[in-house]
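Residue numbers (the numbering used here): 3 to 39.
Below: one structure, written as structure tokens.
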Amino acid sequence: MAEKMMVVAAHMGDFVWRCGGSIAKYAQEGNEVLVLV
Numbered sequence: 003m004a005e006k007m008m009v010v011a012a013h014m015g016d017f018v019w020r021c022g023g024s025i026a027k028y029a030q031e032g033n034e035v036l037v038l039v
């Protein structure tokens, strides 16, 4: 069963530099990722 992840950041670069690798891995595993900026 796929899981869901929501990432909330104040600036576009915040989530890319701090957790971009984790977000990519999570998405590649077939999970749903929602990013709110």
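By construction, the Cβ of each residue, glycine as well, lies at the ideal position given by its N, Cα and C atoms.
Which residues does DSSP list as the beta-bridge partners of residue i?
i: residue 8; result: 36
In chain order, what residues of the same chain lie with their CB nearer than 7 Å to the CB of residue i, ignoring the 5 residues before and after it?
i: residue 4; result: 32, 33 and 34
i: residue 26; result: none
Less than 8 Å between C-beta atoms, sequence neighbours within five positions excluded: which residues of the same chain meet that for residue i?
i: residue 13; result: 39
i: residue 21; result: 9
Looking at the unbroken alpha helix (DSSP H) that takes in residue i, where does it start and where does it end?
i: residue 14; result: 14-30
Straight-line CA distance for residue i to residue j?
i: residue 7; j: residue 28; result: 8 Å
i: residue 16; j: residue 23; result: 13 Å
Taking 8 Å as the CB-CB cut-off, is residue i touching chain D?
i: residue 14; result: Going by chain labels, chain D is absent from the structure shown, which holds only one protein chain.
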